[in-house]
Amino acid sequence: MIDRPIRVRIVGAGRAGGSFATALTQAGHQAELVHRDHPDPGAGVDLVLCCVPDAAVGSLVGSWPVHAGTVVAHCAGSLGLEPLGAHPRVASLHPLVSLPDPDTGAERLRGAWFAVAGDPLVSDLVASLGGTAVEVGDPDRATYHAAAVVASNHLVALMGQVERLAASVGVPLEAFVQLTSGSLANVAATGPAAALTGPVARGDWATVDSHLDVLEPDEQLAYRALAEQAARLVGPERVEELRRVLAVHDGGGVADAGADGGGAGGDGASEGRADGAAP
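In terms of the numbering used here, the sequence shown opens at residue 2 and continues consecutively.
Listed below in structure tokens is the structure:
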């Protein structure tokens with residue numbers, strides 16, 4: 002654990018670089034923000050943090066002079082340590098928060114979760130921000146980043162679908178944001194399986210069928226895929242029931258998915274799950 006301010010040179014003056022520069026300065030470190038054309042960012046510092054697009058990391062870092070005592074790190078979620086090349090001390094530091102601008106990003110970095118690997122200096126940096134570091138090695142990096150994309154980017158895309166469907170019946174998106182926030186709070190409190198409610202959790206196939214009847218084909222793709230993911234939280238039998246329902250719907254008619262399906266009453270498949278009036 003380092004017992005003095007860390008001297009950090011941050012390469013890349015975009016949203017991520019600006020957020021780190023602000024947060025680290027506020028935490029008492031000596032943070033300097035420079036553009037990517039700096040000829041020797043590793044000179045005279047403890048840590049160089051490369052905050053450029055993932056595809057540019059390898060070629061940029063490979064052009065820098067090597068300094069034996071300087072840690073060279075990147076903040077790319079999808080990359081391991083290999084792109085950092087010949088530098089003797091290397092690390093990665095990826096925050097699990099979105100950084101829309103330097104001020105908002107700096108606030109979110111404080112207390113955030115970070116995926117780290119390599120030199121332990123980056124874990125010291127996380128601790129100084131009041132954050133939580135979790136080790137993610139190179140073999141697991143792509144899976145980790147896929148999870149991050151689903152949790153953030155795909156959630157935003159899903160809310161785009163909510164906005165389209167709601168607008169088609171004259172309801173604003175903001176009416177559903179509270180519902181989404183409550184669902185995420187339930188997931189945080191109980192985990193996804195226990196938090197699941199709704200027609201798939203109940204085995205209410207008539208309601209699922211009615212949804213498919215009104216959704217346009219280009220809106221059905223996401224609905225069907227996520228209905229299957231919901232069924233996976235219940236169990237393999239529920240997945241098979243759903244697949245039979247979808248097959249029958251595509252051929253016309255409504256499936257009798259089994260004795261436990263159908264109706265808002267259901268069979269209690271969602272008993273023990275976080276309760277709520279919607280959906």
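All residues carry an ideal CB built from backbone N, CA and C; glycine is no exception.
Does the beta-carbon of ALA260 have 16 or more other beta-carbons within 10 angstroms, so that it is buried, or is it exposed?
Reading the sequence shown from its first residue, position 259 is the one you call residue 260. Note that ALA260 scores a pLDDT of 39, beneath 50, so its modelled location is shaky and nothing firm can be said.
Taking a contact to mean a Cβ-Cβ separation below 8 Å, would you say ALA134 touches VAL117 in this structure?
Within the sequence shown, the letter at position 133 stands for residue 134. Within the sequence shown, the letter at position 116 stands for residue 117. Against a cut-off of 8 Å, the Cβ pair of VAL117 and ALA134 comes out as a contact.
Who pairs with ILE11 in a beta bridge, going by DSSP?
One-based indexing of the sequence shown puts residue 11 at position 10. BP columns for ILE11 point to LEU34, LEU50.
Helix, strand or coil for ALA116 per DSSP?
Along the sequence shown, one-based indexing puts residue 116 at 115. Of the three classes helix, strand and coil, the one that applies to ALA116 here is strand, per DSSP.
How many Å lie between PRO173 and LEU247 at the Cα?
Sequence index remark: in the sequence shown, residue 173 carries index 172 (1-based). Sequence index remark: in the sequence shown, residue 247 carries index 246 (1-based). In a straight line, the C-alpha of PRO173 is about 29 Å away from that of LEU247.
Do VAL62 and LEU85 count as a contact pair if the criterion is CB distance below 8 Å?
As a working note, residue 85 is residue 84 in the sequence shown. As a working note, residue 62 is residue 61 in the sequence shown. Result yes, Cβ atoms of LEU85 and VAL62 sit closer than 8 Å.
Whether GLY19 touches PRO96 by CB criterion (8 Å):
Along the sequence shown, read from residue 1 onward, the residue named residue 19 stands at position 18. Along the sequence shown, read from residue 1 onward, the residue named residue 96 stands at position 95. No, these two residues do not count as a Cβ contact at 8 Å.
If you draw a straight line from the alpha carbon of ASP141 to that of SER124, how long is it in whole angstroms?
By one-based count along the sequence shown, residue 141 stands at place 140. By one-based count along the sequence shown, residue 124 stands at place 123. Between the alpha carbons of ASP141 and SER124 lies a gap of roughly 18 Å.
Run through DSSP, which three-state label would SER60 get?
Position 59 of the sequence shown holds residue 60. Residue state, collapsed to three classes: helix.
For the alpha helix (DSSP H) that SER124 lies in, which residues bound it at each end?
Residue mapping note: residue 124 aligns to position 123 of the sequence shown, counting from 1. Looking at the DSSP string, the run of the alpha helix (DSSP H) that includes SER124 is 122 to 129.
If we call anything under 8 Å between Cβ atoms a contact, is LEU234 one with ALA194?
Within the sequence shown, numbered from 1, the residue matching residue 234 stands at position 233. Within the sequence shown, numbered from 1, the residue matching residue 194 stands at position 193. Yes.
Cβ shell of SER64 (< 6 Å), same chain only, five flanking positions each side left out
Residue mapping note: residue 64 aligns to position 63 of the sequence shown, counting from 1. Excluding sequence neighbours, SER64 sits near nothing in its chain.
Could you check what DSSP says for HIS308 in three-state terms: helix, strand or coil?
Here the chain comprises residues numbered 2 to 280, so residue 308 is not present and cannot be evaluated.
DSSP three-state label for ALA147, please.
The sequence position of residue 147 within the sequence shown is 146, counting from 1. The answer is helix: DSSP assigns ALA147 an H, G or I state.
With a threshold of 16 other CB atoms inside 10 Å of the CB of TRP206, please say whether the residue is buried or exposed.
Locating residue 206 in the sequence shown gives position 205, counting from the first residue. Looking at its Cβ environment, which holds 16 or more other Cβ atoms inside 10 Å, TRP206 is buried.
C-alpha distance - ARG5 paired with ASN154, whole-angstrom precision:
Within the sequence shown, the letter at position 4 stands for residue 5. Within the sequence shown, the letter at position 153 stands for residue 154. Rounded to the nearest angstrom, the two C-alpha atoms are 37 Å apart.
Are the Cβ atoms of ALA17 and CYS76 separated by less than 8 Å?
Here residue 17 is taken as the residue at index 16 of the sequence shown, counted from 1. Here residue 76 is taken as the residue at index 75 of the sequence shown, counted from 1. A contact, by the Cβ cut-off of 8 Å.
Would you give the residue range spanned by the alpha helix (DSSP H) that GLU83 belongs to?
Residue numbering aside, residue 83 sits at position 82 when the sequence shown is read from its first letter. Where GLU83 is concerned, there is no enclosing alpha helix (DSSP H), given that its DSSP letter is neither H nor E.
Mapping the DSSP letters down to three states, classify ARG245 as helix, strand or coil.
One-based indexing of the sequence shown puts residue 245 at position 244. DSSP places ARG245 in the helix class (H, G or I) of the three-state scheme.
Write down every uninterrupted run of the alpha helix (DSSP H) in the segment 176 to 234 whose length is 4 residues or greater and which is fully enclosed by it, in chain order.
193 to 196, 200 to 203, 206 to 215
Proximal residues to ALA107 (C-beta, below 6 Å), its chain only, five neighbours per side dropped:
Residue 107 sits at position 106 when you count from the first residue of the sequence shown. Within the same chain, SER20, THR23, ALA24 come within 6 Å of ALA107 by CB-CB distance, once the 5 residues on both sides are set aside.
With distances taken from CA atoms, which of CYS52, VAL46, ILE7, GLY29 is nearest ALA14?
For the purposes of this step, residue 14 is identified with residue 13 of the sequence shown, where counting begins at 1. Of CYS52, VAL46, ILE7, GLY29, the residue nearest in Cα terms is CYS52.
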